[in-house]
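Numbering of the sequence shown is given in this note's numbering, commencing with residue 1 and proceeding in unit increments.
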Amino acid sequence: MDRIRILGGTQLQGTIPISGAKNAALPLMIASLLTPETLTLENVPRLADVRQLLRILTNHGVDHAIDGKRPGDSPIAGQTLHLSAKHIVDTTAPYELVSRMRASFWVLAPLIARMGEAKVSLPGGCAIGTRPVDLLLMALERLGASIDIEGGYVIAKAPQGLKGAEIVFPKVTVGGTHTALMAAVLAKGHSHIRNAAREPEVTDLAQCLIAMGAKIEGLGTSDLYVEGVAGLHGARYEVLPDRIEAGTYAFAAAMTGGDVLLERARPELLQSALDVLQLTGAKVTATPQGVRIVRNGGGIQPVDITTAPFPGFPTDLQAQFMALMTKAEGASRITETIFENRFMHVAELSRFGAHIRLENDSAIVEGMPKLKGAPVMATDLRASVSLVIAALAAEGESMIHRVYHLDRGFEQLEQKLGACGAQIERLSEAG
Ligand code: EPZ
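Structure, rendered in structure tokens:
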């Protein structure tokens with residue numbers, strides 16, 4: 001298993017290109033199941049989760065091709081993926097595949113919408129909490145699917161096709177909204193999705209579906225209106241830049257100090273995080289190329305945050321922000337409202353000498369003037385990268401274990417940070 005070694009204490013200076021968003025690319029790839037024609041996705045990040053989803057789609061009968069290198073391509077350019085679900089030969093998504101990546105459960109919606117049946121393994125819990133799927137199933141039932149659970153599998157049927165309906169989500173759910181959208185676009189008649197998630201990745205999916213011939217209104221709001229169509233066609237669509245990757249490197253630059261341009265980052269996709277970053281004392285400037293983060297000299301000011309659905313502070317940046325707060329000049333309170341168990345990074349951050357205590361759904365972080373390098377490991381993607389941020393600012397050497405978590409969601413992390421002066425290297429098992 002690979003490890004990452006970091007020698008902390010170097011300021012980040014330079015440019016970091018922001019990749020396509022993992023959490024947009026995954027539902028967009030799944031949307032390819034909705035049409036017998038080819039869906040071409042540009043700017044798809046090269047990530048372990050993307051490769052895993054390709055395996056799952058292949059099992060349903062989806063062909064894929066990836067464009068080769070083109071003249072002038074940057075080594076970090078996203079890939080262009082052609083997905084063609086001409087014939088869906090298997091409507092079952094088995095446990096062995098789904099259990100490795102929760103988002104793959106979302107194949108349920110396009111399979112039932114297009115084929116009238118689907119059998120998909122329940123995804124199970126994960127390191128950040130129990131993460132139920134009741135609301136995803138509720139949405140499909142509202143659209144007329146019958147749902148049974150047998151032997152750990154969801155068996156959904158709608159032999160006469162789905163029918164448009166009003167779907168009211170009692171709480172905001174990204175996966176629930178993706179599911180409702182992908183099912184409603186091929187349902188007969190009109191659907192109204194209320195309390196829909198407004199995350200940019202949901203809007204990206206809606207825009208791609210529209211490019212494929214779907215009729216959806218209310219994009220970016222909590223009310224989505226869908227007029228079902230008989231079929232969808234192929235399209236070409238570019239995945240939006242990853243706001244969580246951008247926010248992660250923004251916090252890293254604030255942590256080490258320095259001057260970093262996050263190329264292609266779109267400030268409106270992470271305004272709440274950038275507002276908080278400014279309160280910590282960093283200078284944030286939107287430029288035509290992206291977002292520039294500067295912290296020279298001044299200390300890091302403590303700021304309290306509470307995670308919330310978009311446009312609030314994203315739960316996917318909570319761990320990274322906590323890392324930044326471990327070096328703040330005072331105490332901050334970080335409250336997690338989306339997932340009940342998303343503080344697994346607290347114990348690991350403490351290994352660097354951070355002072356953090358948990359109080360119910362909050363973490364109280366007492367900032368320290370210095371962190372010290374340490375061997376650490378983490379249990380999920382965002383927690384792992386929070387350890388990278390702490391290690392970049394810690395004195396001496398740190399070793400990050402279980403790098404496969406990082407590989408699920410951060411493309412070329414060592415190359416991107418290394419190009420900005422970070423002393424970071426990957427060691428393979430033998431190394
Ligand atoms: C998506 O997960 C993201 N994953 C997560 O990113 C992200 O943290 C999350 O949205 C919130 O923004 C992908 O896009 C692949 P939810 P999702 O449904 O859709 C509860 C990362 O690190 N809920 O919006 O699974 C749920 O337990 C990952 O990239 C139900 O109760 O999240 C949670 O408390 C981690 N019943 C809340 O809703 C349901 O049926 C929001 O979850 C569904 C969800």
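Where a beta carbon is used, it is the ideal one built from N, C-alpha and C, also for glycine.
Annotated three-state conformation of N195 is coil, per DSSP. When secondary structure is reduced to three states using DSSP, I155 falls in the strand class. By the CB criterion at 8 Å, N195 and V172 fall inside the cutoff. The alpha-carbon separation between A363 and R70 amounts to approximately 47 Å.
Rounded to the nearest whole angstrom, the C-alpha separation of E217 and V185 is 11 Å. Between P369 and H401, the beta carbon gap of about 27 Å keeps them out of contact (Cβ cut-off 8 Å).
Within the same chain, V229, L232 and H233 come within 7 Å of G213 by CB-CB distance, once the 5 residues on both sides are set aside. Per the DSSP secondary-structure output, G14 pairs in a beta bridge with V260.
Nearest in C-alpha terms to Q13, of all of A323, L122 and A253, is A253. Relative to ligand 1, even the nearest heavy atom lies 7 Å or more away from the CB of D2.
Its chain contains L219 and Y237 as the residues whose beta carbon lies nearer than 8 Å to that of Q207, once the 5 sequence neighbours on both sides are disregarded; these appear in chain order. Here the C-alpha atom of S84 lies approximately 20 Å from the C-alpha atom of V120. With the rule of 3 Cβ pairs closer than 8 Å, the region 156–164 counts as touching the region 133–146.
Secondary structure of L270 (DSSP, three-state): coil. Rounded to the nearest whole angstrom, the CA to CA distance from P27 to G9 is 38 Å. Using a C-beta cut-off of 8 Å, the region 276–290 makes no contact with the region 349–359, since fewer than three inter-stretch Cβ pairs fall below that distance. One Cα belongs to H60, the other to P309, and the distance between them is close to 32 Å.
Classified as exposed, L358 has fewer than 16 neighbouring CB atoms from the shown chains inside 10 Å of its CB. Look at the beta carbons and you see the region 74–83 not touching the region 104–117: under three pairs across the two are nearer than 8 Å. In the structure shown, P200 falls within a helical segment according to DSSP collapsed to helix, strand and coil. Residue pairing for E227: DSSP places it in a beta bridge opposite H190 and K215.
Distance from the Cα of L108 is smallest, within the candidate group T177, M325 and R408, for T177.
Secondary structure of P123 (DSSP, three-state): coil.
Closest in C-alpha terms to S19, from the list V44, A331 and A103, comes V44.
Here L427 is exposed, its C-beta having fewer than 16 other C-beta atoms within 10 Å. If you check the CB distance, E329 and G367 come in under 8 Å.
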